[in-house]
Every structure is written in C-alpha cells, then in structure tokens.
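Residue numbers (this note's numbering): 504 to 702.
See the structure below:
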C-alpha cells in the first residue's frame, strides 16, 4: 500500500503539472479586476532598494489574468475586515530584474536575473494594506525592508501590525497564493514556474 502511494506521488506530483501557455493566461491590468486595489508601485518612485525609479510614474500593475482573478477573491475577503490591498510590485521586466539585482545582489532577497523571478512570469505580487479610505495601516516593516522582522513568520507582539499581516496571509492563502517565508508582502501562485516569462 505504501509503495502504491509513493508511486502515485511520483507520477502525479507537481513536477508533472502541465506548463501554461502564454495565450491561455495573458497579462491584464489588475486594477479593473481587483476591487478597491490601490496601485502604488515602489519601483515607479525613487523610494526603493535601487534608490531610483525603474518604472514610469504611470506604470500599471500587470498580472496574469488568473492571478488577478484570484487576487480579487482575497480583496473581497479583506474588504469585509475593513481593509484594501495596495499593489507595491507586480510583473517585472527582465531589465527591471537586472537593475534590482545590481542594486541589491543578495540571493533570497532579490532573484538572480540569470534564473529569473516569479515576478517576471506575472504570477507574483508584492502587497501592502490600507483601510477603506485608502490610508495605509500598520504592517510589520516597510516594503523591501529586508531583515528578520520581514519574515512571514516573524514573532510579533499582539497588535495591529500582526493582525494585519495575519489577515493578509489568511486571505491570500485561501485565494490560492503562497507567501515568501522571508517577505511578508510577497505572494505568488502555487507552482508559479509553470508560467512562461511574460512577453
């Protein structure tokens, strides 16, 4: 019996999931899809790890259609708790990924452009939270503030920052996302490697 279960796991495990074709899940503007989404892309300003703007000020939050639809599920759940999502980073170009790596070449914090990132595939999104009026609420750290407190499971005292982090993770997990263990703000689709690098 155990052998049969192990064989089934090898045969039908995630490594055997089919790749997703570009045409089957194109990039879309997430703002019209995700209710109440606030788009404040960090790399469209100089207030980021690179120290300069890497995107035009009117850059949009582009995500795979299926990712935007799942993000909408999380947004609706959070709205019932008086919260809105803030998009801090969405799909990245290879050029942006290279610039980030040059500014902060730390594996585990920024993906090596040789390997690429889930952001380049359009299946990852970096998030913050606001109240229903659009004012940012307390969270554990600033976006891209790398360190122990940025970890998704970092111990925090009971209070608004912990409550908001936990609410975000619960809503995103229920919508089919996984959190980066080192970054409470970074979420991606399960098995994101199945998607091609975005065109």
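Cβ atoms here follow ideal geometry from the backbone N, Cα and C, with glycine treated the same way.
DSSP-derived helix/strand/coil call for residue i
i: residue 631; result: strand
i: residue 572; result: helix
i: residue 696; result: helix
i: residue 581; result: helix
i: residue 624; result: helix
i: residue 639; result: strand
i: residue 528; result: coil
i: residue 511; result: Because residue 511 carries a pLDDT of 39, less than 50, the predicted location of this residue cannot be relied on, and the following value inherits that uncertainty. Helix, per DSSP.
Boundaries of the beta strand (DSSP E) in which residue i is found, first to last residue
i: residue 681; result: 680-683
i: residue 586; result: 586-592
i: residue 552; result: First-last for residue 552: undefined, no H or E at that position.
i: residue 567; result: 565-567
Limits of the alpha helix (DSSP H) - the one that residue i falls within
i: residue 598; result: 597-606
i: residue 449; result: Nothing about residue 449 can be reported from this structure: the residues present for the chain run from 504 to 702 only.
Assumed close pair residue i, residue j - CB separation to whole angstroms, cut-off 8 Å
i: residue 573; j: residue 679; result: 5 Å
i: residue 663; j: residue 640; result: 7 Å
i: residue 684; j: residue 655; result: 5 Å
i: residue 523; j: residue 697; result: 5 Å
i: residue 594; j: residue 622; result: 6 Å
i: residue 533; j: residue 590; result: 7 Å
Could you check whether the region 551-569 touches the region 577-589, counting it as contact only if at least three pairs of C-beta atoms, one from each stretch, sit closer than 8 Å?
no
The region 561-570 / the region 622-635 touching (three or more Cβ pairs under 8 Å)
yes
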